[in-house]
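Asks:
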Amino acid sequence: MAHNEATNERSVKNAFQAAESLGFQLFFSFDYAGNGPWPQAEVIAMLQKYSSSSAHYRYQGKPFVSTFEGPGNAEDWIAIKAATGCFFVPDWSSLGAKPALQLAGGVADGLFSWAAWPTGLGRMNTYVDASYIQYLTEAGKPYMMPASPWFYTNMPGYDKNWLWHSDSLWYDRWVEIAYLEPEWVEIISWNDYGESHYIGPLNDKAYVAFLTGRAPYNYVQDMPHDGWRTQLPYLIDLYKTGTSSVTKENLVVWYRTNPRTTCSGGGTTGNTASQLQIEYDAYTLVDDKIFFSALLGSNATVTVSIGGLEYDGHWEFEPDGGVGIYHGSFPFNLHLMGEVIVTISRNSKDVLTVKGKAISDTCVSGLANFNPWVGSATAGSTIKAVSPKLKLSEQTCIKGSGAGNFAGLCQFTCKYGYCPVGACYCTAMGAEKKKPKATGKKGYPKNGDANYGGLCSFACNLGYCPESACSETPSPPYIPPSSPFAARACTGGESEHGEKYAGLCSFACAYGYCPISTCWCAEVGDLNVPPPPSDVKGVPDTSDADEYELLKGLCNFACSRDYCPPGACKLASEGDGDEYDDDDGDDDRPTEIIVDGSIWQDANPAVSCGSDCILVLPPVTLPSPTVITFDNDQGGYQTTLNVAWEVPVTTTLPDGQVVTTSSISHILQETRISVPPTTVSVLPLWPVTITSPTPTTTIYPMYRIPPQTIVITDDPNPLSEEGVSHSPVTRDITIPPYPWVSESARDTKIPPVTFTSASDSSNGPKCTNRARCGSGCHSKNFCGDGPCLIGCGGGGFAASNDPKPLPNPHPGPSHNKGDDSDDDEDSQTYEDQGSDGGAGSDIDNYPQGDSRYYATLTDISKAAQQMCEGLFTDFNDGVQFTSVQGIGERNTWSLVMQYTKAGGCPAAPNFKAKKHQAAIDTCIENLNLIINNCQ
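Just so you know, we're using UniProt numbering here: the sequence shown kicks off at 1 and counts up by one.
#1: Let me confirm a value: A438 is counted as buried when at least 16 other C-beta atoms fall within 10 Å, else exposed. Which label applies?
#2: With DSSP as the reference, label A558 as helix, strand or coil.
#3: Go to G338, then tell me how far its beta strand (DSSP E) extends in each direction, as first and last residue.
#4: Evaluate H327 with the Cβ neighbour count: other Cβ atoms within 10 Å of its Cβ, from every protein chain shown; 16 or more gives buried, anything less gives exposed.
#5: Assuming S560 and V536 make a contact with CB atoms under 8 Å, what is their CB distance in whole Å?
#6: Whose C-alpha, out of A55, Y418, P466, L392, is nearest the C-alpha of G454?
#7: Enumerate, from N- to C-terminal direction, the unbroken beta strand (DSSP E) stretches of 3 or more residues contained entirely within the segment 39-120.
#8: On the DSSP bridge assignment, give the partners of E186 in chain order.
#9: Given that a residue counts as buried once 16 or more other Cβ atoms are within 10 Å of its Cβ, and exposed if not, what is S674?
#10: Between K391, N73, N258, which has its C-alpha nearest A33's C-alpha?
#11: So F210 is in the beta strand (DSSP E); what residue range does that whole segment cover?
#12: Contact between the segment 283-298 and the segment 313-328 is defined here as three or more beta-carbon pairs at a separation below 8 Å; is this criterion met?
#13: Among residues of its own chain, excluding the 5 on either side of residue 1010, which ones have a beta-carbon nearer than 6 Å to its beta-carbon?
#14: When the Cα of F87 is compared with those of S305, D281, L95, K62, which residue comes out closest?
#15: What are the residues that DSSP puts in a beta bridge with P540?
#16: What's the C-alpha gap between I383 and L238?
#17: Which runs of the alpha helix (DSSP H) at least 4 residues long sit entirely within the segment 222-257? Give them in chain order.
#18: With DSSP as the reference, label A6 as helix, strand or coil.
#19: Could you tell me the distance, in whole angstroms, from the CA atom of S534 to the CA atom of Y563?
#20: Would you mind reading off the limits of the beta strand (DSSP E) that contains A358?
#21: Between which residues of its own chain and G597 is the CB-CB distance below 8 Å, once the five residues before and five after are set aside?
#22: On the three-state DSSP scale, how would you describe A18?
#23: Starting from the Cα of G270, find the closest Cα among D222, G120, G213, K399 and give me that residue.
#24: When the distance is taken between beta carbons, is V616 closer than 8 Å to I699?
#25: Considering only residues of the same chain and omitting the five flanking positions on each side of G818, which have a CB-CB separation below 6 Å?
#26: State the DSSP-derived secondary structure class of residue 963, mapped to helix, strand or coil.
#27: Closest by CA to K433, which one among F406, G440, K442, K399?
#28: Using the three-state DSSP reduction, which class does A459 fall into: helix, strand or coil?
#29: Tell me, please, which residues DSSP counts as bridged to L276.
#30: Just how far apart, CA to CA, sit N451 and T137?
#31: Quick check on the burial criterion: 16 or more other C-beta atoms within 10 angstroms. Buried or exposed for K357?
#32: Assuming T427 and S393 make a contact with CB atoms under 8 Å, what is their CB distance in whole Å?
#33: Grab the span of the beta strand (DSSP E) containing E138 for me, first residue to last.
#34: What are the complete alpha helix (DSSP H) segments, minimum 4 residues, inside the segment 400-486?
#35: Alpha carbon to alpha carbon, how far is A18 from A206?
#36: How big is the Cα-Cα spacing for Q395 and Y179?
Given below as structure tokens:
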């Protein structure tokens, strides 16, 4: 829970009321990173207010509390614990277990680790957990272990664009939890959509992070993860009680819906240099496989059908004794796509079936979606309750592995129940296996490293004594300079882009910061801990947008550590500052203002901001479910499909034998899709961009119909050949969220909003009448004792340090199609049109050029096409634009159009971009600032 969020008090109150009614328990986890540290007094007040609730979780009689980061405020918790008597288990993972335990004299009563994902190419291990367990056990304190199913994020606005290897993570982690049996387990997360590890249901109202994080597209839409909750009741009972029972069998299936090399990676990396990890191409960290886990009372067979072709699957892991979770996977590829069906059968009868989203080569915005689709099925009938024969306390490790040179030893010793968590990690549990006959041979670490001591002693006695690790004679003690279980890091690198970047790559890669977009990691070893950064911020010294992106992270890393090579980098204070930096709070990007839903409670909604801003309007709740019909008169939604089919190929072998095989042919086919009506109860709205100077304005919000997935069948004869009909192939097509109905925004029945410009151009909300009018806000959404989202005179919304909040907002024009009722000659009217720039039109009433004329969707679309193509034509001809913000492969939300009125219409926005059609398409889709200004 981040500090200064406007909804905190209301949400916490509602959560505790709901939990109390359900007998559910909650605890606070205070986020010290999102909006900065929590003030000590506010934490005390929150705990004192709710810790007495029957719904507040208590440990050893004390109210339990945690954090996300905040080690710099460790001293605060001495007073907080004294005032509240809480049991404090923070996540201070940025420090590691040992330093975190030493903070503020050992103020933490336990620790929570955020290391829920593997680093590198391998599957999840427990080496970080082992570090926490070791130091916490020595201190006599408990451990809270993290579990998470996935990690993928592409939000350049937050400098986040990477994935971690997660294919079988959900299965692997629960095996590790069963083996380690920590005091607590915390699942990350319920609804963090931006990082793709949500297990809660999809929520169209909670996607604002894709706007504020300037994601290139919404990679969560139509990608449910509910299935990952299906087996949690069994797993949680097993963890808490040591045993669990199966009465209803179930199946969970997950996979990515594009082959990994089909679409552009969008700059996503595997691992991230920002955490001093070796970066890989994202494609190397994901497997093109369908993963499945089945909770069964006894063994069964699994079959996988892809595009109508059925294959026998197999289990990679089976529960010892037959009762529990079976896990496996099956590969797909560029030539094996289509609808996915996974079936569990027993005695020739289907027991469970999951029909999943089709795998296809259709790429949303041309980019790969590394977020998986997850589905599940539960048997309709029950079986006689069965449980594993042995409780967890009676089981032992029967399979495991280890890092590097420990792998072979751990695979042998873990199989026979000896799997020490400091050196190995367990991957399967079960009944103890019979050991080989003891030889009496003594084993010692070959190099004297005590980490091998127990393993060599155990293995050599049972007849396995690998010369690479063990010896029959003792060696002098040896202490390695760093942990042999720590992830390897880059220790030296070179430039991928010539001599200009050579010094930067050499400096940064030596300390583990080696982004593959710019540098090549030439040496790998133990991490050289970089010097602590100073407050100095470095930025690229370039006017080229693409070069700026390559250098941005490197310059900031190096300059903050006293290496700022001229010609490549400069200090942020030099010149005009950081023209392209997405994270510079003083740049020229519009400020994003999240408008609270209470605005619609007022008869005359009103908003205000100072300088350029983007108003993120809340959705409108309709009085009853409403059917939205789409304008398919022009042929529907147009797209291009890669239609493929098998072609028989006959080959005559040297011995005369004739063999018939098949190859794949394909064609890119233009297709128009009719979009069926949809029923909605809530209308999301497109954001409205306000640029300075803008006088009093009436905004007519335009609804944003959420994307739909349409199932279509490919053309069985795409080449129009006589007598040819290929086997039918179906696929899912995601329809973009455009306002397809050709009508005026004034006709949507959404209340118009009055916008009044604030005279102060600085950013950040100002408190209004009912929330300390005149006092400054601590964040964009909260001030002092009340939110900035309410009390703005007439129930409107004030922002951007408006020194004079709206005392009596103008009621705005009527909904009539005629002239506006505002006589102020400085007043103009905005209609928000959505990302395609389209809006409804009163074109039948007023000729083009009239101030009351509103363009149709078609008009705006044509204008956008011409403008974007013209801009790129000029760019290719060598025209240089002065205001550069970047487009194309960077990200769609970073497109900041800057325009002026010229000849009664907006002038072409100025920007520099990549010279390809994808950038033109992105420009067209995001050109929502040219709307209704042709006056």
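Idealized CB from N, CA, C, for every residue including glycine.
Just so it is clear, the structure is predicted and the values come from calculations on it, not from any experiment.
Replies: Working from what's here:
#1: On the sequence shown, position 438 is the one that residue 438 refers to. Burial call: exposed.
#2: One-based indexing of the sequence shown puts residue 558 at position 558. Helix at A558.
#3: Here the question's residue 338 lines up with position 338 in the sequence shown. Run containing G338: 338-346, per the beta strand (DSSP E) assignment.
#4: As a working note, residue 327 is residue 327 in the sequence shown. Classification of H327: buried, given that the 10 Å Cβ count is 16 or more.
#5: Here the question's residue 560 lines up with position 560 in the sequence shown. Here the question's residue 536 lines up with position 536 in the sequence shown. Indeed, because the Cβ distance is near 5 Å, the residues count as touching under 8 Å.
#6: Sequence index remark: in the sequence shown, residue 454 carries index 454 (1-based). Closest option to G454, Cα to Cα, is Y418.
#7: 62-68
#8: What you label residue 186 is simply residue 186 of the sequence shown in a count that begins at 1. Partner(s): P146.
#9: Counting from one through the sequence shown, the residue named residue 674 turns up at place 674. With fewer than 16 other Cβ atoms within 10 Å, it is exposed.
#10: On the sequence shown, position 33 is the one that residue 33 refers to. For A33, the nearest C-alpha among the options comes from N73.
#11: For the purposes of this step, residue 210 is taken as the residue at position 210 of the sequence shown. Element bounds for F210: not the beta strand (DSSP E) but the alpha helix (DSSP H), 209-212.
#12: yes
#13: Outside the displayed span of the chain (1 to 935) sits residue 1010, for which this structure offers no information.
#14: Counting from one through the sequence shown, the residue named residue 87 turns up at place 87. Here the closest residue by C-alpha is K62.
#15: The count along the sequence shown starts at 1 and reaches residue 540 at position 540. Answer is C569, bridged to P540.
#16: In the sequence shown, counting from the first residue as 1, residue 383 sits at position 383. In the sequence shown, counting from the first residue as 1, residue 238 sits at position 238. Roughly 19 Å separates the two Cα atoms.
#17: 232-241
#18: Here residue 6 refers to the residue found at position 6 of the sequence shown. Here A6 sits in coil by DSSP.
#19: Taking the first residue of the sequence shown as 1, we reach residue 534 at position 534. Taking the first residue of the sequence shown as 1, we reach residue 563 at position 563. Their Cα atoms are separated by approximately 11 Å.
#20: Taking the sequence shown and counting its residues from 1, one reaches residue 358 at position 358. Segment 349-359, the beta strand (DSSP E) holding A358.
#21: Reading the sequence shown from its first residue, position 597 is the one you call residue 597. Closer than 8 Å at the Cβ level, and outside the excluded window around G597, lie P618, P619.
#22: The sequence position of residue 18 within the sequence shown is 18, counting from 1. A18 falls in the helix class under three-state DSSP.
#23: Start at 1 with the first residue of the sequence shown, and residue 270 comes out as number 270. It is G120 whose Cα lies nearest to the Cα of G270.
#24: Indexing the sequence shown from 1 puts residue 699 at position 699. Indexing the sequence shown from 1 puts residue 616 at position 616. No, the pair does not count as a contact, with Cβ atoms beyond the cut-off.
#25: The residue labelled residue 818 in the question sits at position 818 within the sequence shown. The pLDDT assigned to G818 is 32, lower than 50, so where the model puts this residue is not dependable; a value taken from the coordinates is nonetheless given after this. If we look at G818 and ignore the five residues flanking it on each side, it has no Cβ neighbours.
#26: The displayed coordinates of the chain run from 1 to 935. Any statement about residue 963 would go beyond what the structure contains.
#27: Here residue 433 corresponds to residue number 433 of the sequence shown, with the count starting at 1. That would be K399, whose Cα lies nearest to the Cα of K433.
#28: Stepping through the sequence shown from its first residue, residue 459 is reached at position 459. Residue state, collapsed to three classes: helix.
#29: As a first step, residue 276 is located in the sequence shown; it is residue number 276 there, counting from the start. BP columns for L276 are empty, so no partner.
#30: As a working mapping, residue 451 is identified with position 451 in the sequence shown. As a working mapping, residue 137 is identified with position 137 in the sequence shown. Cα to Cα, N451 sits roughly 18 Å from T137.
#31: Counting from one through the sequence shown, the residue named residue 357 turns up at place 357. Its Cβ being crowded by 16 or more others within 10 Å, K357 is buried.
#32: As a first step, residue 427 must be located in the sequence shown, where it is residue number 427. As a first step, residue 393 must be located in the sequence shown, where it is residue number 393. Contact doesn't hold; Cβ gap of about 19 Å is too wide.
#33: Here residue 138 refers to the residue found at position 138 when the sequence shown is read from its first residue. No beta strand (DSSP E) holds E138; the alpha helix (DSSP H) holding it covers 127-139.
#34: 407-415, 453-461
#35: Residue numbering aside, residue 18 sits at position 18 when the sequence shown is read from its first letter. Residue numbering aside, residue 206 sits at position 206 when the sequence shown is read from its first letter. Computed Cα separation, rounded: 20 Å.
#36: Taking the first residue of the sequence shown as position 1, residue 395 is located at position 395. Taking the first residue of the sequence shown as position 1, residue 179 is located at position 179. Roughly 9 Å between the two C-alpha positions.
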